[in-house]
Amino acid sequence: MKEFIRLENITKIYKMGEVEIRALNNISFSIDKGQFVVIVGPSGAGKSTVLNILGGMDSPTSGRLMVDNKDIGKYSPKELITYRRYDIGFVFQFYNLVQNLTALENVELATEICKNPLDPERVLEQVGLKDRKNNFPAQLSGGEQQRVSIARALAKNPKLLLCDEPTGALDYNTGKSVLKLLQDTCRERGMTVVVVTHNLAIAPMADKVIRIKNGQVEGEEINKNPLPVERIEW
Amino acid sequence: MGNSLMKDTFRQILKSPGRYLAILLIVALGVGFFAGIKATAPDMKVTADKYFDDYRLMDFWLISTMGFNEKDVEALKRLEAIEGIQPSYSIDLLAAFEGNESVVKVISLPLDKVNSNDPSYINKIKLVEGRLPEKPGEILAEHGNGINPTYPIGSKIKFSSGRDEDISEFLKGDEYTVVGLVETPLYLSFERGSSNIGSGKISSFMMLPQGEFKLEVYTDIYLTVKEAREAMTYDDEYDEILDPIKEKLEEIGQKRATLRYDEIIKEANEELSKAKKELADGERELEEELEKAERELEEARKKIEEGEEELEKNERNFYSQIQKAEGLLREEEKKLNKAEGEYERNLALFNEKKVKAMEEFQRAEGEILQAEREITDREAELNSLKEGLSLIKDEEERAKTQALIQYMEAEINKGKKELVAARNKLEAGKADLIQGEKELEAAKLAIEEGRARLEAEWENLERNKREALDSFAAARRELAQGREEYEKGYEEYLKAKEEGERELREAREKIKEEEEKLKDLKKPEWYVLKRSQTRDYIDYEMAADRIDAVASVFPVFFLAIAILVSLTSMTRMVDEERTYIGTLKALGYKNMAIASKYLIYAASASIIGSIIGLLIGFKVLPTVIFNAYRIMYIMPPIIGQFNIKYALVSILVAVLSTTLAAWLACRHELNETPAFLLRPKAPKPGKRIWLEKIPFIWSRMKFSQKVTARNIFRYKKRMFMTILGVSGCTALLVTGFGLKDSIVSIVAKQFDEIYKYQMVVELQEGIDENTDHEVLDFLEQDSRIKDYLLTRGIVVDIGKGNIEKSVNLFVTKDSEKIHDFIILRNRLTKEKLSLEEEGVILSEKIAKLLDVQVGDQIYIVHDNERIYVKITGITEHYADHYMYMSSSLYEKLYNKGVEYQRILAHTTATEKELEDKLSQHILKLNNISSVYFTTGISDSYEDIIGSLNYVVIVIIVAAGALAFIVLYNLTNINISERFREIATIKVLGFYDSEVANYIYR
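Chains S and L, in that order, are what the protein sequence lines are. Under the numbering used here, the first residue of the first sequence carries the number 4, and numbering increases by one thereafter. Under the numbering used here, the first residue of the second sequence carries the number 117, and numbering increases by one thereafter.
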C-alpha cells in the first residue's frame, strides 16, 4: 500500500518562558492508507504532540509532514483549518463535547461544516447511541460520551481519524467497546486510524505500532495479523 | 456560522444567564445613564420649546423708558415678519392680604382674546384652577408650585401703589378678588425679579383684564415672529430667524423714540407755555385784585379819616355852639335874675302897701259890718213892723207905722246905698290891691316863666349836648370799627398778597422744574429683548446646560467601566471555554466562526442591554432629573423624546466596545494552535515576588498573607482591573458627593467667607461722597446698621490679547475699609491683598480665563478705547467675575469722579423680620432703587444647588449600582477562575472562613 502519511525529521520545540522543551526530536515515520496505527510511549514522550501535528492542530518547528502528498507542515493556519475541517477526525481523551449541545447536535456540529458528511443520526445509530441522541453530554456516561465523540469524528467522513487516549478515561469494558468501534471503522470503511495510548496492551490490535520515547521513535513494527479487540486483554 | 454553534450560543446564554445578564445590565446601566443624562438637556429644551410654542411665548419683548402708545404699536404692525403683537400693561403694586403686604407684578390680560386663536394673544395663560374674571373686581393670581398658593381663590386683595401717586392712577379699582390661578410661560422659575417699591422684591404676579388698567401708555409689547415657532427655541436656528428682525425692531425703536421724544417735547412745551400763560394770567389777576383791594382799602382808610375829621369838626362846632348857647342862656339868666330882684323889691313894696290897705280894709269892713248890722237891725225892726202892720188893723196906726216903715225903708236904703258905696270903695281898694297883687303875680309869673324857659333851654342844651356826645361816641366807635376792619382788611390783603405771590412763585418754580426736567429729558429708549434675553429663559437654559455639563463627564466614566467589566467577563468566559475553542478548532471551524459565538454573545448582550438602557434611560433619567427641576420651574411634564443621536452613539459605543472586548478576549486564544488550547491551560507559574527580597517583611508574614501577596502579583491584570473598576466607581461616588459638597461649600464660601456684608442698597442715581444724602444719614444713624461702605459697580469689558470678557467693576471709596466687607485674599496663602492705587485686583477665575498674572497689564474698554491697567492682585472668589479698583485709580482712569450707587452694609442681625422692616424703611427714602440681603442671594443659590443635588443623587445611586455590579462580577470571576485552587484548599481542611479570607484578599 502506498504511503498516506509521512513524517520526516519532525522537530517540535515548546517555549515555556525562557525554557525550551524539545517535545519531538527529529522524528520520522510513515503510515499507509487504511492502516490502524497505535502510537505508544510513556507519559511525556511526545505522543500527543505527534498526533496534534498530524491533525493540523499544531505545527512542527521543523521537518516535513506529508499527508496525502500534501506538505501539511507548510500550511498556513487558514489552510490548516481547511485541512482539519475536511480531512481529519479527532477523538479526544476527555471527549471534549460541547456541553450545551445534545449528542446529535454535537455530531451535527461537525457535519455542518463538511463537504460530504455522513448522516449524523445514522452514525450515532452505528455507535449504538440511537436512543441517547437527544441527551446532553452531562446525561451520558463516559463511554457513551466517547462514542459521541467518535461519532462526531466519523460523521465528518474524514480521511484520517486521530484518537488521543480514547480509552484513557474509560473503564476496561467500555474502553474495549470503544476500541472495537475504532477498529471496525478502520476495517469497514478503510479509514486510516491513528490511536495514541500509553497502554501497550492495545498494541496487538494495530496494523502498525510506533513506539516513541523522549521525542524520538524508538521502534516501528508492523503487525501482520492484528488481533481483534475481543481477544485483547489488559 | 453553523446551526449547532448558534444553538450552543443561545443555550450558553440560557444556561448561565448570570454572566450574560451581568454584561447586559452593566451595558444597560452604562448606556442608560449615558443616553439618559445626555438626553436630559435636549429633552428639557424640547419640553420648553413645546411649552413655549403651545403657550405662544413672545419672541420679542419690547420695553421702553417711556412706554408705548398706539402709534408705536401701529409702527410695529407694519413690520412684515411680525405674526402677533400684544401691547400690554404691567405695574408693580403693593398687595395687602391677610395683614401682609408684599410687592406683586400685575400684568394685563387681553380677556377678549383668551379663548380665541388670535395670533395677537401672546404669552397665553394656563388656567389651572378656578375661572377667568367675569366682572370688574376679579383677578387671577399665580398658581405657583401648586402646593399652597400665596393668594388662593377667594382671597380679597387690596392694592396700593406704594408710590406718591394714588392707586387710582393705575387701576380702576383697588380691591380685587382672586377667582382663578394661572401659569404663564413668562415665568418659569419662582423668581419674580425686583421692584423699586415696598420690600423691593416681587413676590408674585397677578393678571387683570386689560380694561382694568388706567395707564396712559402701554408698558410692554410682546411680539411673535412668523416661522419662529417652527425652530427649536434653544437652537441657533431660532436666533438666526430672530436676529435680523431684532435689528429691524431696534431701527423702528430708534425712529419711534425720536418721534416720540419730539412729541413729548412738543406736548410738554405746549403744556409749559400754557402753564406759563396761566402763570402770567394769574400774576396779572393777582396784581389786579391786589390793586383793587388796595384801592378799596385806601378808600376805606380815606373815608375813615374823613369821618374822623368831620367828627372832629362837628365836635369843635358843637362845642363852640354849646358855648355860645350857654353864654346866651347865662345872659338870659342874668336878666331874669335882675327882673327877679325888681320883682322882689316890688313885692316887698306891695306887701307893705298891702298891709296898710288891709288894715284900712278891715276898718272899712268893720264899718261896713256895723252899717250892715244897723241896716239889718233896722231891717229887722222894719220886718217886725211890717209883720206888725199886717197885725195892726188900724189904718192910722197902720199908716203911721206905714209911714214909719217907709221912712225906715228909705233910711235903710240910704244906709244900704252908703254901704254899697263904702263897700264899692273897699272893693275898689281891694281890687286895686288885687290888681297890684295880680301885677306882681304876673311879674312873678313872667319871671318864673322866663326861668322855666331858661331851664328848659338849659335842659335842651344839655340834652342836645348829650345827644351830640352820644352821636360823637357812636361815630367814634364806628370809626374805630372801620379802622379795625380796615386793619383786618389790610392784613388780609397782605396775607392774600403773600399767598398769591407764593402760589405764583411755586408755579414759577414748577414751571422751571418742568423746564429743567424737559431739558434733562432723555430720548426714550426702546429695549428689544429676545426671549433668550429674559431671565427665566436663560436660567432654564443654564439649568439644562448644567445637566449637560454633568452629562459630559460622568456617563463616559460609566461607559468606560461598563466596557471594562464586559471585557473581564468575556476574557473569563473565553478562558473557561479554552477547550471548547480548541475542540471547535480541531473540528475545523474557522476562527471567525468560533469568535462569532463570543461576538454574538457580547453583541447581543450589549444590544439588548443598550436597548433596555436606552428605554429606561430616556424615560427615567430625564423624568427624574426634570421632576427635580420642576420643583424650581413651572413647566409641563417632560417630553421624553427618543434621541436618535445619543441612542446611536451610545449603542454603537457600547456594542462596539463590548464586542471589541469580546474579540480582544478571544483573539489570543484563536491564534493559538488547537493542540495548545486542548491542553489544560498551564496555570500562571508562581513567581517570586520582589517582596520576598525584603526578608524582614516577608519572613514576618503568615502563610496566608504570603499566598495573598503572591496572588496579587500573579494576577496583575485582574488586580489592575479590580482596582480600576472599584476606583472608578469610588471616584464616581466621591465625585458625586464632592460635586455636591463643593458647590454647596462654594456658596457658603462666597457668602460666608468672602462676602462679609449682609445688605446691599442700590441707589437710583449715583451720589458723590461729599454731598449729604438721606440714605447716608439713615445708615449713619440707624441702630441696625453697624457699618457701611460706598461702592460703585458697573459692568465693563476687560481683556488681554484677543480674549475679552465682561466683569463687574467694583470701585470702592475706602481701600482700607473694604476688607471689612469683602475679603480680598490669595486663595492658597490666605494672604490679604490690599487695594493699591496703581492697579486692580481681579477675581481668580477671570484671571485664569484671561491667562494673566499679578503684574500683567490688561485693558479696560471705555468709550471704545482701551485703558491699560496693571494687575496688583488676584483674589479668591467663587461666583461671577469681579475687578476691584480704588476710587483714586478710577478717577485717574476715567477722568471723572466716582458716582457711588451701591452701598454695602453690615447689619446687626439677619432675621427675616428685621431685614424686611429695614428694607421697608430704606425704600421709603429718596433715590433708592433696591435693597437686598445676602441671605436672599445665598438662598437662591442654594435653590439652584438643591436641584443639582438631585442630579448628584442620581449619579451617586447609579455609581453605587455600578460599583456593585463591578465588584460582583470581578469577585465572581476571581472565585470561578480559582475553583480548583479553592477546592484544593478546602480539601486540605481549611475552614470556610479561612477559604473566604484566602479568596478575597
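Just so it is clear, CB atoms sit at the ideal spot from N, CA and C, and this is done for glycine as well.
May I ask which residues mark the beginning and end of the alpha helix (DSSP H) holding R908 of chain L? By one-based count along the second sequence, residue 908 of chain L stands at place 792. It is not in any alpha helix (DSSP H) - R908 of chain L instead sits in the beta strand (DSSP E) that spans I901 to K916.
Which residue from S:Q129, S:S152 and S:Y89 puts its Cα closest to that of K162 of chain S? Counting from one through the first sequence, the residue named residue 162 of chain S turns up at place 159. Per the C-alpha coordinates, the member of S:Q129, S:S152 and S:Y89 positioned closest to K162 of chain S is S:Y89.
Where does N430 of chain L sit, in a helix, a strand or coil, going by DSSP? In the second sequence, counting from the first residue as 1, residue 430 of chain L sits at position 314. The answer is helix: DSSP assigns N430 of chain L an H, G or I state.
Curious, which full-length beta strand (DSSP E) runs of at least 3 residues does the region 177 to 226 of chain L contain? 198 to 204, 206 to 213 and 216 to 225
Within its chain, find whatever has a CB closer than 8 Å to the CB of I13 of chain S; leave out the 5 residues flanking it on each side and keep chain order. For the purposes of this step, residue 13 of chain S is taken as the residue at position 10 of the first sequence. Once the five neighbours on either side are set aside, the close Cβ partners of I13 of chain S are L27, N29, I30, S31, V53, I56, P63, S65, G66, R67, L68 and G76.
Same chain, Cβ closer than 8 Å to L230 of chain S, five either side skipped, listed in chain order: Taking the first sequence and counting its residues from 1, the one referred to as residue 230 of chain S is at position 227. Same-chain partners within the cutoff: P207 and M208.
Who does C845 of chain L pair with in a DSSP beta bridge? On the second sequence, position 729 is the one that residue 845 of chain L refers to. Looking at the DSSP assignment, C845 of chain L forms no beta bridge with any residue, so it has no partner.
What does G58 of chain S reach in chain L if we use C-beta pairs closer than 7 Å? Taking the first residue of the first sequence as position 1, residue 58 of chain S is located at position 55. Correct list: A702.
So, are the CB atoms of L178 of chain L and G327 of chain L less than 9 Å apart? One-based indexing of the second sequence puts residue 178 of chain L at position 62. One-based indexing of the second sequence puts residue 327 of chain L at position 211. The answer is no: Cβ separation not under 9 Å.
Since N109 of chain S and V151 of chain S should fall inside the 8 Å C-beta cutoff, what is the C-beta to C-beta distance between them, to a whole number of angstroms? The residue labelled residue 109 of chain S in the question sits at position 106 within the first sequence. The residue labelled residue 151 of chain S in the question sits at position 148 within the first sequence. The distance from the Cβ of N109 of chain S to that of V151 of chain S is about 6 Å, consistent with a contact at the 8 Å cut-off.
Determine, for L127 of chain S, whether the minimum Cβ-Cβ distance to residues of chain L falls below 9 Å. On the first sequence, position 124 is the one that residue 127 of chain S refers to. No - not a single Cβ of chain L is within 9 Å of the one on L127 of chain S.
Take E424 of chain L and list the residues in its own chain whose beta-carbon comes closer than 6 Å to its own, dropping the five residues that flank it on each side. As a working mapping, residue 424 of chain L is identified with position 308 in the second sequence. Once the five neighbours on either side are set aside, the close Cβ partners of E424 of chain L are L595.
Who are the Cβ neighbours of L1118 of chain L in its own chain at under 8 Å, not counting the five residues just before and after it? The question about residue 1118 of chain L has no answer, for chain L in this structure spans 117 to 1117.
Considering only the beta carbon of each residue, do R662 of chain L and Y653 of chain L sit closer than 9 Å? Working through the second sequence from its first residue, we reach residue 662 of chain L at position 546. Working through the second sequence from its first residue, we reach residue 653 of chain L at position 537. No, these two residues do not count as a Cβ contact at 9 Å.
Minimum Cβ-Cβ distance from R826 of chain L to chain S less than 9 Å: Locating residue 826 of chain L in the second sequence gives position 710, where the first residue counts as 1. So no, R826 of chain L is outside the interface.
Of the residues L:A191, L:N216, L:T300 and L:N499, the one placed nearest I750 of chain L, counting alpha carbons only: Residue 750 of chain L sits at position 634 when you count from the first residue of the second sequence. Ranking L:A191, L:N216, L:T300 and L:N499 by Cα distance to I750 of chain L puts L:T300 first.
Where Q439 of chain L sits in the DSSP three-state scheme: Taking the first residue of the second sequence as position 1, residue 439 of chain L is located at position 323. In the structure shown, the three-state DSSP call for Q439 of chain L is helix.
For a cutoff of 9 Å on Cβ pairs, would you count F39 of chain S as touching chain L? Here residue 39 of chain S is taken as the residue at index 36 of the first sequence, counted from 1. Answer no: the Cβ-Cβ gap between F39 of chain S and chain L never drops below 9 Å.
Would you say D691 of chain L faces chain S, with C-beta separation under 9 Å as the test? As a working mapping, residue 691 of chain L is identified with position 575 in the second sequence. Interface with chain S (9 Å Cβ-Cβ cutoff): D691 of chain L is excluded.
Near T163 of chain L, what residues of its chain come up, given a Cβ to Cβ distance below 6 Å and the 5 sequence neighbours on each side ignored? Residue 163 of chain L sits at position 47 when you count from the first residue of the second sequence. Counting only Cβ-Cβ distances below 6 Å, and skipping sequence neighbours, we find I754 and I755.
Cβ-heavy atom distance between E168 of chain S and the ligand ADP below 8 Å? In the structure shown, the ligand ADP is absent, as is every other ligand, since no ligand is present at all.
C-beta contact flag for K161 of chain L and T374 of chain L at 9 Å: Position 45 of the second sequence holds residue 161 of chain L. Position 258 of the second sequence holds residue 374 of chain L. No. Outside cutoff.
Taking Cβ positions only, does P80 of chain S come closer than 9 Å to chain L? Taking the first sequence and counting its residues from 1, the one referred to as residue 80 of chain S is at position 77. For P80 of chain S, the answer is yes, since a Cβ of chain L falls inside 9 Å of its Cβ.
Name the chain S residues whose beta carbon is nearer than 7 Å to that of S120 of chain L? Here the question's residue 120 of chain L lines up with position 4 in the second sequence. Within 7 Å Cβ-Cβ: L104, E108, E111, L112 and E115.
Going along the region 194 to 212 of chain S in order, which residues come within less than 7 Å of chain L, judged by CB to CB distance? Shown here is that no member of the region 194 to 212 of chain S has a Cβ falling below 7 Å from a Cβ of chain L.
Around the C-beta of R308 of chain L, are 16 or more other C-beta atoms found within 10 angstroms, so that it is buried, or is it exposed? Stepping through the second sequence from its first residue, residue 308 of chain L is reached at position 192. Label assigned to R308 of chain L: buried.
Using a Cβ cut-off of 8 Å, pull out every chain S residue sitting near P738 of chain L, in sequence order please. Against the second sequence, residue 738 of chain L aligns to sequence position 622. The premise fails here: P738 of chain L is roughly 41 Å from chain S at the closest Cβ pair, so nothing lies under 8 Å.
Closest Cβ-Cβ distance between P1198 of chain L and chain S: below 9 Å? Nothing in the structure corresponds to residue 1198 of chain L, since chain L is present only between 117 and 1117.
List the residues of chain S whose Cβ lies closer than 7 Å to the Cβ of Y696 of chain L, in chain order. Residue mapping note: residue 696 of chain L aligns to position 580 of the second sequence, counting from 1. Chain-order list of chain S residues neighbouring Y696 of chain L: V101, by C-beta distance under 7 Å.
If contact is defined by three or more beta carbon pairs under 8 Å, each pair taking one atom from either stretch, is the region 763 to 774 of chain L in contact with the region 716 to 734 of chain L? yes
Look at V985 of chain L and L966 of chain L and say whether their C-beta atoms are less than 9 Å apart. For this step, residue 985 of chain L is matched to residue 869 along the second sequence. For this step, residue 966 of chain L is matched to residue 850 along the second sequence. No, these two residues do not count as a Cβ contact at 9 Å.
For a quick check, are the C-beta atoms of D208 of chain L and K221 of chain L less than 9 Å apart? Counted from its first residue, the second sequence places residue 208 of chain L at position 92. Counted from its first residue, the second sequence places residue 221 of chain L at position 105. It is a contact, given that the beta carbons lie within the stated cut-off.
Do L1083 of chain L and G725 of chain L have their beta-carbon atoms positioned less than 9 Å apart in this structure? Taking the second sequence and counting its residues from 1, one reaches residue 725 of chain L at position 609. Taking the second sequence and counting its residues from 1, one reaches residue 1083 of chain L at position 967. No, the Cβ-Cβ distance between G725 of chain L and L1083 of chain L is not below 9 Å.
With 9 Å as the threshold, decide whether the Cβ of I16 of chain S is near any Cβ in chain L. For the purposes of this step, residue 16 of chain S is identified with residue 13 of the first sequence, where counting begins at 1. I16 of chain S does not count as touching chain L.
Just to confirm, is the Cβ distance from G698 of chain L to P790 of chain L under 9 Å? As a working note, residue 698 of chain L is residue 582 in the second sequence. As a working note, residue 790 of chain L is residue 674 in the second sequence. The answer is yes: Cβ separation under 9 Å.
Does S65 of chain S have its Cβ less than 9 Å from a Cβ in chain L? Locating residue 65 of chain S in the first sequence gives position 62, where the first residue counts as 1. At a cut-off of 9 Å between beta-carbon atoms, S65 of chain S makes no contact with chain L.
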